[in-house]
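**Student:** Protein chains in written order, with UniProt numbering: chain A, 1 to 287; chain B, 1 to 374.
Virtual Cβ for every residue (Gly too), placed ideally from N, Cα, C.
Here the structure is a predicted model, which means the values were calculated and not measured.
I have a structure here, written as structure tokens, and I will follow up with some questions on it.
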Amino acid sequence: MTTPPAPRRRFGVDFATVLASPAVLFGVAVFLVPVIVILVRSLTDPSPATYADAVTSDIFLRSIWTTFRMAVCVTAVCLLVSYPYAWALARGPKAVRIVLLGAVLLSFWTSTLVRTYAWQILLNNTGVINSFLIDSGLISDPLPLIRTDFAVYVGMAHILAPFTILTLYTQLTSIKPEVEQAAASLGASPTSVFWRITLPLSLPGAAAGGVLVFILSLGFYITPEVLGNSRELYLGSVIVQQIQVLLNSGTGAAMSIVLLVMVVAVLLLVGRFVGLGRILGIRRGDR
Amino acid sequence: MTALQHDVADLTTAGAAVSIRGVSKYYGSFAAVDDVSLEIEPGSFVTLLGASGSGKTTLLRILAGFLDASSGAIELDGRDLTRVPVHKREIGMVFQNYALFPHMTVQKNVEFPLARRRVPRADRPRLIAEALEAVELTGFERRMPTELSGGQQQRVALARAIVAKPRLLLMDEPLGALDRRLREALQVQIRQLSHELGLTVINVTHDQEEALTMSDRIALLAGGRLVQYGTPYELYARPGSEVAARFLGESNIFSGVPRQRAGLWEIDVAGESVRLPDSSTDPVPGEQASVFIRPHRMHVAPAGSAPAGEDRCTVTGRVAAAIYAGDSCKLHVELEQGDPVVVRADSELLQTVATGDRVEVSWRRTDALLLARS
Chain A
1 MTTPPAPRRR FGVDFATVLA SPAVLFGVAV FLVPVIVILV RSLTDPSPAT
51 YADAVTSDIF LRSIWTTFRM AVCVTAVCLL VSYPYAWALA RGPKAVRIVL
101 LGAVLLSFWT STLVRTYAWQ ILLNNTGVIN SFLIDSGLIS DPLPLIRTDF
151 AVYVGMAHIL APFTILTLYT QLTSIKPEVE QAAASLGASP TSVFWRITLP
201 LSLPGAAAGG VLVFILSLGF YITPEVLGNS RELYLGSVIV QQIQVLLNSG
251 TGAAMSIVLL VMVVAVLLLV GRFVGLGRIL GIRRGDR
Chain B
1 MTALQHDVAD LTTAGAAVSI RGVSKYYGSF AAVDDVSLEI EPGSFVTLLG
51 ASGSGKTTLL RILAGFLDAS SGAIELDGRD LTRVPVHKRE IGMVFQNYAL
101 FPHMTVQKNV EFPLARRRVP RADRPRLIAE ALEAVELTGF ERRMPTELSG
151 GQQQRVALAR AIVAKPRLLL MDEPLGALDR RLREALQVQI RQLSHELGLT
201 VINVTHDQEE ALTMSDRIAL LAGGRLVQYG TPYELYARPG SEVAARFLGE
251 SNIFSGVPRQ RAGLWEIDVA GESVRLPDSS TDPVPGEQAS VFIRPHRMHV
301 APAGSAPAGE DRCTVTGRVA AAIYAGDSCK LHVELEQGDP VVVRADSELL
351 QTVATGDRVE VSWRRTDALL LARS
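Shown next, in the form of structure tokens:
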């Protein structure tokens, strides 16, 4: 037996590592350093007591509840709306698919700010919907649409639905048509094929999209601020208030870290069931 | 009591008679399947054979109910299937890519058709066990499809397709994704199983060897049309047309205008006048005709040493290529005129004949066959 020649290495670094290093450095500088800065700030500005301030703050604790409730509702709405949409996108006739894909991508590429203010224009007391209803004589006083949970949920769902639509679409297109045909040939009616084959096989996509939307909505700031009720504060607003209004940047940093920990906890919890790689779009191949 | 009530004593079943009557499938003005009619006997194994684009898969999908025929009818034991949706056709189907349900265990996969057809829960375990035993996968019940090899997956698919005792088993290139050794083993296994269970099987393949070894009958399709329908022997030994002769096995085909001399028909091959075989169908005088000879029926010998005789035809030529293939060898022989011929012989021949040699190619007159023009 001869030993195979050792791969050429200098300083234990191979070529791929060299190639990847600028990206790694960029990632560390842009993503990791700010988190460390916030972490340090939360512990030293002025002292770790900021965490005590954060978790004993009534406003903060209430905002956690408000925010989680909102995130659950928005995720549910996104999934319910996205499933039929993604279904049509994956299985519909070509013309329908092009229109639906164009619509979702156009919405996806439009700034969150623009879409939020668009909802404001629609939902205002003097907005499009209320003006129309009053002008047509159906109601005399404007409906309370803006500054409600309803407005926040609708706006958030609209902004975040592309994530669930696209993950569900990807999942649905990965189901081989033969699998559904096999089920039909084995005696399953079209509804039975859907409930027993298509739906279970699309669940990983729903879970991935759902977790993505849930986590994104926990940290949303602009949309709840513009469309929401000022008495019902969301996490993002409370943190901004600490830093910009009350100038307690240490407490704000501590709150951010608490939010981060909660996000990581949710990810780990769901990751146990779905697989983190799937949610983050990393696949180790199908087999 | 419905037709779905099962006699669960065992998996044997009375396969259905299938009647395909003038089925066509048009895409615009293009006919993917063009007026195909076939009568399939109960319990027989029929292969739809053809190159890609021949319409064989389209025809199978029409039989399964995934596609509607543009015209024509399909009957199962005399019952018109045209308006019956896929899930009520009582068929089993095996796909090239197995199409197992990836989120279910082997057990659940095989149980699926039983549950859909409302077989009583108490009867299911025995049927599942029997089906898995039939494909030699006992003990794999709790595995997931991804934990199985390709051959095992296809055997699960087979068990799933037969467990509910379908009237008709459809197979769409079931062995296409498997390697050669496995394919041959499964060919034998599927063939035995279908016979033991009395299944009517319609199998689609482009692999002529698979068609020849597995089938009771082969339906050869080309360009959407049925070229020939017969036993493997009939198709191989007596192809009814040039298309059939060229598709199944290697063949040498000579064409020319036959002449009649002294009551016998002759045709010019490479400048030699070659007597046509006696045939039930006489050629039409003045019209092109073709004869075909299988390469292994031809005999090659160094020039001047070909066996002579009243019953033999001989032409001369030069060896253009000699290909060694273990037990046999293949010679390409250029004739003085016309297309080269291919000869298959025992590889011992290469001891006496080499590339460039002048040789005589001869064959028994009865080994040549007159082909219908198509």
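Does the beta-carbon of serine 374 of chain B have 16 or more other beta-carbons within 10 angstroms, so that it is buried, or is it exposed?
**Tutor:** Confidence at serine 374 of chain B is low in this model, with a pLDDT of 46, below 50, so the placement of that residue should be treated as unreliable; the coordinate-derived value is given next. Exposed: under 16 other Cβ atoms inside 10 Å.
**Student:** How would you list, in chain order, the residues of chain A whose beta-carbon sits under 8 Å from the beta-carbon of proline 102 of chain B?
**Tutor:** Result: Val179 and Leu201.
**Student:** Could you spell out the range, first to last residue, of the beta strand (DSSP E) harbouring proline 204 of chain A?
**Tutor:** Where proline 204 of chain A is concerned, there is no enclosing beta strand (DSSP E), although the alpha helix (DSSP H) it sits in stretches over 199-218.
**Student:** How would you write the range of the alpha helix (DSSP H) that leucine 43 of chain A sits in, first residue to last?
**Tutor:** Start and end: 33-44.
**Student:** Please list, in chain order, all residues of the same chain as arginine 124 of chain B whose beta carbon is under 8 Å from its beta carbon, the five residues on each side excluded.
**Tutor:** The residues are Glu111, Leu114 and Ala115.
**Student:** Would you report the Cα separation of phenylalanine 220 of chain A and valine 154 of chain A, rounded to the nearest angstrom?
**Tutor:** Looking at the two C-alpha atoms, the distance is approximately 14 Å.
**Student:** Output needed for isoleucine 323 of chain B: all residues of its chain with C-beta closer than 7 Å, excluding positions within five of it in sequence on either side, in chain order.
**Tutor:** Correct list, in chain order: Cys329 and Lys330.
**Student:** Out of A:Leu259, A:Trp119 and A:Ala207, point me to the one whose CA is closest to phenylalanine 150 of chain A's CA.
**Tutor:** When each option's Cα is compared against that of phenylalanine 150 of chain A, the closest is A:Trp119.
**Student:** Using the beta-carbon of each residue, which ones in chain A are nearer than 7 Å to methionine 93 of chain B?
**Tutor:** Per Cβ cutoff of 7 Å: Ala182 and Ser185.
**Student:** I'd like to know whether the C-beta of phenylalanine 54 of chain A is nearer than 7 Å to at least one C-beta of chain B.
**Tutor:** Reading the sequence as shown, one finds alanine at residue 54 of chain A and not phenylalanine. Chain B contact via Cβ: absent.
**Student:** Is the Cβ-Cβ distance between leucine 186 of chain B and glycine 50 of chain B less than 7 Å?
**Tutor:** Not in contact: leucine 186 of chain B and glycine 50 of chain B (Cβ atoms no closer than 7 Å).
**Student:** Would you kindly check if the distance between the Cβ of aspartate 34 of chain B and the Cβ of glycine 224 of chain B is under 7 Å?
**Tutor:** Contact flag set, yes.
**Student:** Where does the unbroken alpha helix (DSSP H) through glutamine 154 of chain B begin, and where does it stop?
**Tutor:** Glutamine 154 of chain B -> alpha helix (DSSP H) spans 150-162.
**Student:** Against chain C, with Cβ distances strictly below 7 Å, would valine 84 of chain B count as a contact?
**Tutor:** Although the question refers to chain C, the structure presented lacks it and instead comprises the protein chains A and B.
**Student:** Judging by CA-CA distance, which residue of B:Ala301, B:Gly304 and B:Leu48 is the nearest neighbour of isoleucine 20 of chain B?
**Tutor:** Nearest C-alpha to isoleucine 20 of chain B: B:Leu48.
**Student:** Three-state secondary structure (DSSP) at serine 374 of chain B?
**Tutor:** Low per-residue confidence applies at serine 374 of chain B: pLDDT is 46, beneath 50, and the placement is therefore not dependable, though the value from the model is reported in the following sentence. Of the three classes helix, strand and coil, the one that applies to serine 374 of chain B here is coil, per DSSP.
**Student:** One question on the structure: do leucine 79 of chain A and histidine 103 of chain B come within less than 7 Å of each other, judged by their Cβ atoms?
**Tutor:** Going by C-beta atoms, leucine 79 of chain A is not nearer than 7 Å to histidine 103 of chain B.
**Student:** For a quick check, are the C-beta atoms of glutamine 96 of chain B and alanine 177 of chain B less than 7 Å apart?
**Tutor:** Cβ distance < 7 Å, so glutamine 96 of chain B and alanine 177 of chain B count as in contact.
**Student:** I need the DSSP call for lysine 330 of chain B, collapsed to helix, strand or coil.
**Tutor:** Strand at lysine 330 of chain B.
**Student:** Please state the DSSP three-state secondary structure of threonine 75 of chain A.
**Tutor:** It is helical.
**Student:** Alpha carbon to alpha carbon, how far is glutamate 178 of chain A from methionine 262 of chain A? Give it in angstroms, no decimals.
**Tutor:** So the two alpha carbons sit approximately 41 Å from each other.
**Student:** I'd like to know if histidine 332 of chain B contacts chain A, where contact means its C-beta is closer than 7 Å to some C-beta of that chain.
**Tutor:** Output row for histidine 332 of chain B: interface = no.
**Student:** Can you pull the chain B neighbours of serine 174 of chain A, defined as C-beta to C-beta under 9 Å?
**Tutor:** By Cβ distance, chain B contributes nothing, its closest Cβ being about 10 Å from serine 174 of chain A, past 9 Å.
**Student:** Report the start-end ranges of each alpha helix (DSSP H) in the segment 150-231 of chain B that is 4 residues or longer and not cut off at the edges.
**Tutor:** Taking only runs of at least 4 residues, the alpha helix (DSSP H) segments lying wholly in the segment 150-231 of chain B are 150-162, 180-197 and 208-214.
**Student:** Enumerate in chain order the residues of its own chain whose CB-to-CB distance from histidine 299 of chain B is below 6 Å, with the five nearest sequence positions on each side excluded.
**Tutor:** The residues are Ser362.
**Student:** How many Å lie between asparagine 125 of chain A and glutamine 244 of chain A at the Cα?
**Tutor:** Rounded to the nearest angstrom, the two C-alpha atoms are 29 Å apart.
**Student:** Given this structure, state the Cα-to-Cα distance separating alanine 219 of chain B from leucine 169 of chain B, to the nearest angstrom.
**Tutor:** Straight-line Cα distance between these residues: approximately 16 Å.
**Student:** From the DSSP output, in three-state form, read off serine 241 of chain B for me.
**Tutor:** Reduced to three states, the DSSP call for serine 241 of chain B is strand.
**Student:** Under a three-way DSSP split, which group does glutamine 260 of chain B fall into?
**Tutor:** Correct three-state label for glutamine 260 of chain B: strand.
**Student:** Near threonine 50 of chain A, which residues of its chain fall below 8 Å by C-beta distance, leaving aside the five closest residues on each side in sequence?
**Tutor:** Correct list, in chain order: Ser42, Leu43, Asn248, Gly250, Thr251, Ala253 and Ala254.
**Student:** Is glycine 72 of chain B helix, strand or coil by DSSP?
**Tutor:** In the structure shown, glycine 72 of chain B sits in a strand (DSSP, three-state: E or B).
**Student:** Just to confirm, are aspartate 216 of chain B and phenylalanine 30 of chain B a CB contact at a threshold of 7 Å?
**Tutor:** Contact flag unset, no.
**Student:** Alanine 20 of chain A: buried (16+ other C-beta within 10 angstroms of its C-beta) or exposed?
**Tutor:** Result: exposed.
**Student:** Locate the alpha helix (DSSP H) running through tyrosine 26 of chain B, then write down its first and last residues.
**Tutor:** Careful: tyrosine 26 of chain B lies outside any alpha helix (DSSP H), inside the beta strand (DSSP E) at 18-27.
**Student:** I need the DSSP call for glycine 92 of chain A, collapsed to helix, strand or coil.
**Tutor:** In this structure, glycine 92 of chain A counts as coil in the three-state DSSP scheme.
**Student:** What does DSSP give as the partner residue(s) for residue 375 of chain B in the beta ladder?
**Tutor:** For chain B, the structure presents residues 1 to 374; residue 375 of chain B sits outside this window and is missing.
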